[in-house]
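Quick note, the sequences are listed as chains A, X, L and E, same order. Residue numbering for the first sequence follows this note's numbering, beginning at 1 and increasing consecutively. Residue numbering for the second sequence follows this note's numbering, beginning at 170 and increasing consecutively. Residue numbering for the third sequence follows this note's numbering, beginning at 938 and increasing consecutively. Residue numbering for the fourth sequence follows this note's numbering, beginning at 1416 and increasing consecutively. We treat Cβ as the ideally placed atom computed from N, Cα and C, and that holds for glycine. Everything numeric in this text was worked out from a predicted model, so none of it was measured. A short write-up of the structure that comes next.
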Amino acid sequence: MSHPRGRIVLLVAVVASFAGMAGARRSPAGDTRQPLPMSHKRHITKDMKCRACHQGVEGEAMASFPTLADCMDCHKTPQGKEPAEPEVRAFVARGQDLTWVRLNRLAGHVYFSHAAHVTLASMKCEECHRDMKAVDQAPTEPDIHAQMSDCVACHRSKHASLDCLACHK
Amino acid sequence: MRRFGRRELLGGAALAGAAVLGCGQKKDPYRIDKPAVPRVPGWHSGEERWVLSTCALCDAGCGIKVRVVEGRAVKIEGNPEHPVNRGGLCSRGQAALQSLYHPERVGSPLRRMGSRGEGQWKPISWDEAIGEVVAKLAKLRASGHPERLVLIDGESGTFSRDLWARFLLAFGSPNHIGLGSTRAAGVRLANLYTQGRYGLPAYDLARGRVLLAMGTDLLESSGQAMYFWRAASTRRPRVLCVSPRRPGCRFDEWIPIAPGGYGALALSLAHVLVRDSLIDRDFVRDHVFGFSAWQDPLAGEQRGLEETVRVDYGPDKTKEVTDIPVAMVERLAHMLARQGSAVAVSDGSATAASNGLATAMAISALNALLGNLKRAGGVRLPVDVGVADWDTPTADVVAAAGNAAPRIDGAGTAACPLGRGRVQAVPGAITSAKPYPVEALFLHSTDPLAGLPGRQAWIAALHQVPLVVSFSPWLDDSARLADLVLPDRLPLEAWEVVRVASGAGEPVLGLRQPVVAPLHDTRQAGDVIVALAGGLGGSIARSVPWKCYQDAVTVRLQGWLSSLEDDDAPADVQSLLSEMKEAGGWWRESADAEAGPSELPTPSGKFEIGSQVIAARMAKAPDTAKESQGWPCKGLPPWELPRFSGDPLQFPLHLVPYRPAQFVENGGRFLSWLSELPLVSGDPWPLRAEINPADAARFGLADGDQVLVESPIGSCRAVAQLSDGVGVGVVAMALGKAGVVDLVVLDEDRWSGALAWQGTRVRVRKVS
Amino acid sequence: MKRAAIGFLLALVAVGAYAWAQQCIHGDAVTDLRTIGAGGAVWGLYVVGDGFFASAALASLVVACVIRVRRSREMGNAAQIALLLGLAGLLASLGCVLADLGRPMAAMVNLPLFGRPRSPFFGTFTLVAGVSLFATVVHLALATRPGWAERAQTAWLWRLVACGWQQTASATRRRGRVDFWVSLALLPLFLGGLVILGVVFGVRAGRPAWQGEFEVVTFVVSGCAAGCSLLALATRASRQVSVPLARALAGLTGLTVLLVVSGEILALRTPYPSVQRYARALLDGAWSNLFWAELVLFFVAAISSLATWRKTASVVWAATTTLLVCTAVFIERFLVLVAWQTHGLGLPWPAGVYHPSGVEWSVLAGVVAAAVLVFLLLTKVCPAGTAASPEPAGPAPTGRRLRLLVTAACLILGLAAAGVGLALSAGLASAPFLDPILSGSPLIFLAGLFLMVLAPVAYELIPERKARGHGVSPPHLP
Amino acid sequence: MKRGPLDDDVRDSRRKLLAGLAASAAGALAGCTRAMAAQSTAPVAATSGSRRRWGLVIDLDRCARCGGCVVACQQENNVAPAGSDAAARMRPIHWMDFLPAAPGSSSATPIPCMHCEDPPCVKVCPVGATYKTEEGITAQIWERCIGCRYCMVACPYARRYFNWSEPRWPGDVSSLNPDVAPRPRGVVEKCTLCHHRIRAALERARVDEEPLTDETLRRLPACAQSCPTLAITFGDLADPESEVARLAASPRAVRLLPEAGTRPKVIYLRETK
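Now the structure itself:
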């Protein structure tokens, strides 16, 4: 009988199962392209708050994305010297809509309310999202890889509701 | 020999562990192939709004608000501020959503390829489609026969309908045929002849004590049902329902009656009221005409109602017609009289017989005897917002000649002396080409093949018309036989203003606005009319001079606004429109119902139990017509025995086709939410023949049997449902499913043209 | 002939697999199951099959345990067959449950992680499906070790089962002891499983309790009848002693008839309309044909099993009796389960219908065929188990202390783990509406029970103290 | 001591077996802990001391049997129509259904889930997919459901529905309500008292810092909202000031199948005669 063969088989099996797990973790973002090379860093250093663009974050379930009209509140006149900056006005000129690609997706059976977390629980954006101050490009990868256990752990530590229906729909 | 060693064991264990690890790691095993939020453009925004509009699934005109999430309509609710429904909404209104997203909607104009009914279609552009229709219509005008255009229009109360009327007037065709005769024509006409105004009466149900409902439609499915329901939310009157079939709604007492016997019951109730001195003497003296004998200048001496009921309608005499015991009639009469505010109402189901108009007038007369007019808990005149029409259109010589031609359905002629239209006569007229051949037939908001009796006649007629245009959003049965399908927009995508005949008595102008962007390449009928008029040019284009339908609506509202003597009225039409968009319509607070009876718009100014209009009109009619029809030449309700088609020996049962709560006039069978409504038990899909257990025993039927229901002209399969909720000798079948209408023999009330839905006899036998 | 039979069974399995694949693809709509109240039954042939096979299997296991506890020599082979029958029956019932579940894959993940003991299903899945199966395998393995040892040279698998077997007097004595105690310990487990099944089938909400409890008894007794009849057939076919079984069968069948009839009479006389509706449906309503057929079958079977009593009765006779009893018990299960759903609802819903679809029959046939094949394979493969014999005289075994220690540790640890697992699964220390404080507690419960079941294995396997010099002697391989 | 011919070999394998068993137990345990860490939802402390008891009162005297509540429920909760397909049509899902007749009513009676205080369905669920929330709603978490249908058998009111086939909506899914997850084939579903609406209302009230009044709650679920006759009233039965509590105390109040001991929180007001 050949022991080496058994060991190789074993090794392959273990590696494969871990690889499979790792694969399952990655979300299928693929080749996402945002309509504008918008830099969070630049906006935040200009002392803008998250809610200035993501307006639903304090009062709605969805944080929402800025519409072209929201952008034009400031960008009607040229701001800064970025070469890409005029592009936002080009959208208006073309009569095109600004369609941001949403990256973080909830499972179909999960309810998540920004209002409940930001306004009622006074959580900071950074507690779940990554630090956007460092992000110089329009994000193309989701930044939250939460599992139910993460939600539960936080809910438990903050004595938030653990009722299934609090988050499931 | 292979030995089982420790390494293998350990290896196996490790593998098992890894496998379990992998399982624990498995993420989101709960996948569904349809995401809750599908990817549609703009879905990221989380945008959500409520748009107000007016329901279009029946005539009630309820206010609705539609939840729109990221451009998709997801929910319809009642508008809490709307006077008609105050936030409530029935199953039909909510199912409108399903029609909007229906997979079988027609996506663009279609032209028939191949022979008629073959099902070969070619999508064409709107310009092409309108060009084709215009060419045909222009040819008609050039030949001097514009009257050969016939429009069957299923809408009522909308500005679109008024625009069609205007277009036809300018074009020169009198044939704007509505579906009134298939619905509650008797009630509307009775209102016209007794009280001087055409339309459904309004009832002050919220303050009424007793409601004697003749027929079930009012309580269950008619446009007035919503008002009845709303009234029940505060204080429900005691509901006595007279019908061959037990109503599906809440009621207090059900009095089974033989089909067609309502009028006899009403008159014998009047007999008891008169006999026992239960009538409101003062009211009858001051405000009722025709209670006692009168002299008509044209028709001579007329017998009053008092004598008529005393002589001819004793409860013992009518028992044979109604199947209702004398004691019951007396009890009912006393109950009506005692309660102070009791109203008797009739509806489309009670008057759908060969004696429909007379029945409706007899029931109406009951209210007069009880003094129920315009008092708390009584009957009110139908109210209208009173939106003036556009200015009078110009009709050129061709149009004037065409308009003078007789109507193809014989309305206003000896064939239908007192009615306003009889759509059921159209196929016969088309096939016989009398009084003239039809060259073009437009079907707007209607599917006569599926919705009206006489399917074979309709098919033959449609085959004979050179140009059939259907405006149906679906390829329904009639559209399948059309030459052109010009898909209409659905009410949730279109602009419309509706004159709501509110059962409450408030004048309401309902607004429909596009709730979502049009899903398909469709056009609203109003816009098609404008385009047709533009294409035809000349006086027609001058009569319909607007760029689009929305302009036409605005102009008309503008004219109305300037005539409005109301301090609260908006300053200009734009602000009116935006107010209507915000509110879903425009309405005034309820008209004062307590004011005593004022002058009615009748010749005598009183409630005319004996109608002078009828007397005068019949006096003027040619004698031959009178003779041949046996017209009694009296202004009193000429109530006669109901007429039934089919030999009673061969066809021992009466067919009662009824409109269930989920009945939608046009296209309801396309909506699965309604088809599956569990108001009947078990599988809701198959057609059911409801039959009394006594009859079932007589014919050897058991619950759930497959049966064949046969009438003199047709048959259909159904599932027998034994129910003590139908009278003996009656088979009740719900309208709205294919098959039932095909059983109905075409017969009508010869005075009003009301279709005799309940005038057919059938037999039922078990099949395997 | 034999080959044809095997081929037929294999074909049935294939048909069942195909039908089950259809069900997996198109959903349970391919069955004739429908929503309760909307005119149907939600539990049908599959659950009936589960109830039938599980109860027959448990009954047969109970018989095996009784024989072994009584150390009956003449019935030793019957006990062996009963074990095999139990194993096959439990597998069949598992197959039925799997076929019935809407989401079998989710069940495999969620049951071990979140199982709730207050659901009678918890008992079904753990005690009946899990522990009974495991225990039966262990029991079987222990009972047949000598036989395996004889075959150990042919394959490593056999050697695995037989590992440590010694043909010594002390080993034999130890085996006898193990066998006795294992049988005694498993007896309540199997009986408990039977009662749990009865509760699942009998006690239902919305019905007066006494009626349900009555049906629990009927369920247990008729289940025993089915088990007995199958066992009697199997023993008779393999020319083993079967007379006591047939005698028991006659008694059980008669008792079932009595229970069914009195249950029906009681149901007819209840003041509850729903129970009366149900009873009427059996008596002269939609299900009367099946009900009367059931009674007739039971009656005929009782008489026929009296005939089997004689030693001279042929195999065909026994097979006929078994078929009658099993059909009757199956119908009994079917009526209790389905007729209640279609006609016994508390609210006036319309009466329902249920006519099992072809897919359901095919899956059931496949499961039965698979179970028969497993049984045949096992009888072919398994060596005859030795019945426990009275302790022979001989030298006291050595190394007893370690063995006892480990065995006791297994039992105590197992009991503790089972207790902790059960308590945690039951939601101890967690809010009543939430998941257990530790997901997977049912696994701890199960692991504990498995550990307890493994205690006799430890007792059996832990070697005796080596006598000097023996350890180095090379194995004697042919 | 007599030894058999195979003793040593077999004894050797015995040790291996024990070692193997130990190893696989360790492996399985490791896997379990991992899975547990991922899935456990155990609380440290039950939160939010609310003692609300959500309930419905249905006035049979008012109810017109129009069926509006049924369609409203289907629309709000993304219940797929059964469709005309023969296999599917016999298995319609109506969280709000019509009982052909009921105690206290002469005709069809709207019947949602009773949201029992002592729900039999919860007791029999083997995986805890159905449970009673702290506010008294009998909830069904379909991700957990394994489709055994025991709860359907246990429910005395037959108020639970199984997805016999994959749900299909006519056309596309454009008209689905994003607040409610559609259920796949093979799971049981039921009325949630429009929990998503309650949750949104509670959250809205807290965000806007306005108290949640009984008036705003009364018509909260889709069925109550749509009812033209205002026959359906929703509210907190534990709040004696609420409309539902007032109605529930009416002499007309009846509960279905009181003998089942389930203590329903859906209360009917029977018809007056």
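In this structure, G232 (chain X) and G873 (chain X) do not form a Cβ contact; the two beta carbons are roughly 42 angstroms apart against a cut-off of 8 angstroms. Per DSSP, reduced to three states, the secondary structure at G232 (chain X) is strand. For a Cβ distance threshold of 8 angstroms, residue set Y111, K169 of chain A lies close to D1594 (chain E), ordered along the chain.
Residues of chain A with a Cβ closer than 9 angstroms to the Cβ of I1526 (chain E) do not exist, since the nearest Cβ in that chain sits about 22 angstroms away. The C-alpha of D421 (chain X) is placed about 38 angstroms away from the C-alpha of R624 (chain X). For E1618 (chain E), the neighbours in chain A by C-beta distance under 7 angstroms run, in chain order, S113, A115, A116. Listed along the chain, the chain X residues whose CB falls inside 7 angstroms of the CB of F1513 (chain E) are P847, L848. Between V876 (chain X) and V933 (chain X), the beta carbon gap of about 5 angstroms places them in contact (Cβ cut-off 8 angstroms). A:V101 is the residue among A:V101, A:A107, A:Q96 whose C-alpha sits nearest the C-alpha of S64 (chain A). According to DSSP, residue pairing for L678 (chain X) in a beta bridge involves X:R668, X:W755. Residues of the stretch 56-81 of chain A with a C-beta atom less than 7 angstroms from some C-beta of chain E are G59, listed in chain order. Our two residues, E85 (chain A) and R51 (chain A), have alpha carbons roughly 21 angstroms apart in a direct line. Beyond the five residues adjoining it in sequence on each side, Y1396 (chain L) comes within less than 7 angstroms, by CB distance, of V1115, R1340, T1344 in the same chain, given in chain order. In summary, the residues of the stretch 1660-1681 of chain E whose CB is separated from some CB of chain L by less than 9 angstroms are L1671, L1672, E1674, A1675, G1676, T1677, in the order they occur in the chain. Runs of alpha helix (DSSP H) with 4 or more residues, each lying fully within the stretch 294-346 of chain X, are found at 295-311, 328-340, listed in chain order. At least 8 angstroms separates the beta-carbon of E301 (chain X) from that of L644 (chain X).
Straight through space, the alpha carbons of R1583 (chain E) and R1670 (chain E) are spaced by roughly 35 angstroms. Within the stretch 1629-1652 of chain E, R1634, A1637, Q1640, S1641, C1642, P1643, T1644, L1645, A1646 place their CB atoms closer than 9 angstroms to a CB of chain X, listed in sequence order. Excluding the 5 residues flanking it on each side, S533 (chain X) has same chain C-beta neighbours closer than 6 angstroms at A359, T363, in chain order. A contact between stretches requires three or more CB pairs, one per stretch, nearer than 8 angstroms, and the stretch 1184-1198 of chain L fails this requirement with the stretch 1016-1023 of chain L. Our two residues, N861 (chain X) and A889 (chain X), have alpha carbons roughly 10 angstroms apart in a direct line. Contact note: V1485 (chain E) reaches chain X through S260, L846, P847, using a C-beta cutoff of 7 angstroms and chain order.
Not flagged as an interface residue toward chain X: S1657 (chain E), since no C-beta distance is shorter than 8 angstroms. Taking a beta-carbon distance threshold of 8 angstroms, T99 (chain A) does not count as an interface residue toward chain E. For P826 (chain X), the pairing in a beta bridge is given by DSSP as X:M902. A903 (chain X) has a beta carbon lying at 8 angstroms or more from every beta carbon in chain E.
If you ignore the 5 residues before and after T771 (chain X), its C-beta comes within less than 7 angstroms of the C-beta of Q364, G365, E777, all in its own chain and listed in chain order. Identification of chain X residues near A1479 (chain E) by a Cβ-Cβ cut-off of 7 angstroms yields W398, A401, C418, R419, ordered along the chain. For F1649 (chain E), the enclosing beta strand (DSSP E) stretches over residues 1647-1651. A direct Cα-Cα distance of roughly 41 angstroms separates V1300 (chain L) from S268 (chain X).
Take G432 (chain X), set aside five residues on each side of it, and the residues of its chain with a beta-carbon closer than 6 angstroms to its own are N524, A527, T528, A531, W808, in chain order.
Judged by DSSP in its simplified three-state form, S533 (chain X) adopts helix.
If you check each beta-carbon in the stretch 1549-1570 of chain E against every beta-carbon of chain A, the ones closer than 9 angstroms belong to E1549, E1550, I1552, A1554, I1556, W1557, E1558, R1559. At a C-beta separation below 8 angstroms, L266 (chain X) has these neighbours in chain E: Q1490, S1590. Relative to the Cα of A871 (chain X), the nearest Cα in the group X:S814, X:T520, X:E859 belongs to X:E859. Looking from the CA of V554 (chain X), the closest CA among X:V453, X:R241, X:E675, X:L538 belongs to X:E675.
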